[in-house]
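The structure appears right after this line, and notes come after that.
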């Protein structure tokens, strides 16, 4: 309310347009009444109001996350939507120095890296925190001086919440012995932010490989700073703690395809000399079922494979040797009832120049990561794999000097449709 009061002065002076955003998390008995209080204040002062109601306890049951964490994600989702929609170009919150000190301690107790120990930023990712270097006592004095109306969140005193425990139990004890502790913690957070930037600047760029929405790190350099950077590149820039880092580092001593669930849909997996971080939903195939692999007599044939990909078969005379990822085959040797599909249990493959074996064994020997295997596009007849798009054909459909209908197959990103 102190922040809104100050921003009203800027609004009244014509220096900004103002939108008040209120999120009812449905956690507290009086939350709806508190939201009405904010709405009525805005109505009385001519401030545009946006109210959101999100059932955080219900979301906690679905995600398994704690209430504080889920509430944070709920608010951030609302903020991101407002910023991305263009309804506002800046979010301003009233976080103050004590909030920042509490955040640093929370991260410290969970075993965070330098990023976590950096606390909050005054300005980052579209969020401005003008009170971050202001002590809570100064804000309270301002509220009394200006007679600013406010309501009190009754859960603020509930020490079952980790932040409240730090606020009411730990920080008061620390400040008895170290009166300047709050300011010192925040100053240390500034140093940690500077150190984190320096560490990131000196990471070996060749240690990372980004492909298809995944970030891989070479096992030889795998350490905490590289784990934090890989997760940052995936968009997970906070809530990464010691236990998670230790689990990821332990992957280097496990068998290939060993995985760790990091949370928020992110998985880390050991993959033949690297540890790869990816979002689990990106690794799953979107298109289910079999598609008859029927080729046109003339011109090219295009098949939609899901995941934004398509298989293109062309009758143009292919170049030999073919381009990387392009398969050349004898179309007259294809069985009439073959289909396009993803892998199934029992699939077998006889690679060009090789003997018959389980498809799984072939993929392991060729070091295809487990996360990619279910999204491979296959041409099959029953359990016999005739082609693995982008990789290899089976020996039975190879091109010989006697071949007449030579065709090439490639897997590529689906072209966007052009609408009139």
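In our numbering, the protein residues as written are 160 to 579.
Backbone N, C-alpha and C define an ideal beta-carbon position, used for all residues, glycine too.
All of these numbers come straight from a predicted model, not from anything done at the bench.
Practice task
Flag this pair as touching only if the region 425 to 433 and the region 517 to 533 have three or more C-beta atom pairs under 8 Å; answer yes or no.
Solution key: yes
Problem - Segments assigned alpha helix (DSSP H), at least 4 residues, entirely inside the region 239 to 276 - result: 256 to 269, 273 to 276
Problem - Within 7 Å, strictly: CB atoms of residue 562 and residue 489 - result: yes
Handout entry: Cα-Cα separation, residue 577 to residue 467
Key = Any reading at residue 577 must be qualified, since the residue scores a pLDDT of 43, below 50, and its modelled position is unreliable; the value itself is stated next. Approximately 15 Å between the Cα atoms of the pair.
Problem - Distance CB(residue 209)-CB(residue 180) smaller than 7 Å - result: yes
Practice task
Tell me whether the beta-carbon of residue 498 lies closer than 7 Å to the beta-carbon of residue 434.
Solution key: no
Handout entry: Supposed contact pair residue 282 and residue 266 - C-beta distance, whole angstroms, cut 8 Å
Key = Contact doesn't hold; Cβ gap of about 20 Å is too wide.
Problem - Length of the line joining the Cα atoms of residue 212 and residue 176 - result: 24 Å
Problem - Same chain, Cβ closer than 7 Å to residue 321, neighbours up to 5 away in sequence not counted - result: Exclusion of the five residues before and after residue 321 leaves 227, 265 as the residues of its chain whose Cβ lies within less than 7 Å of its Cβ.
Practice task
Kindly identify the DSSP beta-bridge partner or partners of residue 400.
Solution key: In the DSSP output, where bridge partners are listed per residue, residue 400 has none listed.
Problem - Three or more C-beta pairs below 8 Å linking the region 545 to 557 and the region 511 to 527 - result: yes
Practice task
Could you tell me how far apart the beta carbons of residue 469 and residue 571 are, in whole angstroms, since I believe they sit closer than 8 Å?
Solution key: Contact holds; Cβ gap of about 6 Å.
Practice task
List in chain order: all unbroken alpha helix (DSSP H) runs of 4+ residues lying wholly within the region 344 to 408.
Solution key: 383 to 392
Problem - Near the ligand COA: residue 345 beta-carbon under 6 Å from a heavy atom - result: No copy of the ligand COA appears in this structure; indeed no ligand is present at all.
Exercise for the section: Specify the secondary structure class of residue 212 as computed by DSSP and reduced to three states. Expected result: strand
Handout entry: Three CB pairs or more closer than 8 Å across the region 185 to 200 and the region 306 to 314
Key = yes
Handout entry: Residue range of the unbroken beta strand (DSSP E) whose run includes residue 324
Key = Boundaries for residue 324: no beta strand (DSSP E) harbours it, while the alpha helix (DSSP H) harbouring it runs 321 to 324, taken from the DSSP string.
Problem - Alpha-carbon spacing of residue 382 relative to residue 419, whole angstroms - result: 15 Å
Practice task
To the nearest angstrom, report how far apart residue 363 and residue 510 are at their CA atoms.
Solution key: 38 Å
Problem - Delimiting residues of the alpha helix (DSSP H) encompassing residue 608 - result: Absent from the structure is residue 608, since the part of the chain shown begins at 160 and ends at 579.
Problem - Exposed unless 16 or more other CB atoms sit within 10 angstroms - verdict on residue 215 - result: buried
Problem - N-terminal and C-terminal residue of the beta strand (DSSP E) that residue 473 is part of - result: It spans 468 to 473 - the beta strand (DSSP E) in which residue 473 sits, taken as one unbroken run.
Exercise for the section: Tell me whether residue 459 sits in a helix, a strand or coil according to DSSP, three-state version. Expected result: It is coil, neither helix nor strand.
Problem - Residue-chain proximity (residue 345, chain D), Cβ-Cβ < 7 Å - result: Given the protein chain composition of this structure (a single chain), no chain D is represented.
Practice task
Determine the extent of the alpha helix (DSSP H) in which residue 302 is found, giving its start and end residues.
Solution key: 295 to 305
Exercise for the section: Put residue 446 into one of helix, strand or coil per three-state DSSP. Expected result: Bear in mind that the predicted position of residue 446 carries a pLDDT of just 49, short of 50, making it unreliable; the figure below should be weighed with that in mind. Here residue 446 sits in coil by DSSP.
Practice task
Can you tell me which of the three DSSP states residue 516 falls into?
Solution key: strand
Practice task
Use the C-beta contact count for residue 385: other C-beta atoms within 10 angstroms, 16 or more gives buried, fewer gives exposed.
Solution key: Classification for residue 385: buried.
Practice task
Put residue 236 into one of helix, strand or coil per three-state DSSP.
Solution key: helix
Problem - Separation of residue 308 from residue 302, as counted between CA atoms - result: 8 Å
Handout entry: Of the residues 526, 486, 300, the one placed nearest residue 569, counting alpha carbons only
Key = 486
Problem - Short Cβ contact (7 Å threshold) for residue 341 with residue 257 - result: yes
Handout entry: Same chain, Cβ closer than 7 Å to residue 328, neighbours up to 5 away in sequence not counted
Key = 318
Practice task
Run the CB neighbour count on residue 259, radius 10 Å, all protein chains shown included, and call it buried at 16 or more, exposed below.
Solution key: buried
Exercise for the section: Tell me whether the beta-carbon of residue 407 lies closer than 7 Å to the beta-carbon of residue 393. Expected result: Annotated as distal: residue 407 and residue 393, with beta-carbon spacing of 7 Å or more.
Handout entry: Beta-carbon spacing of residue 273, residue 172 below 7 Å
Key = no
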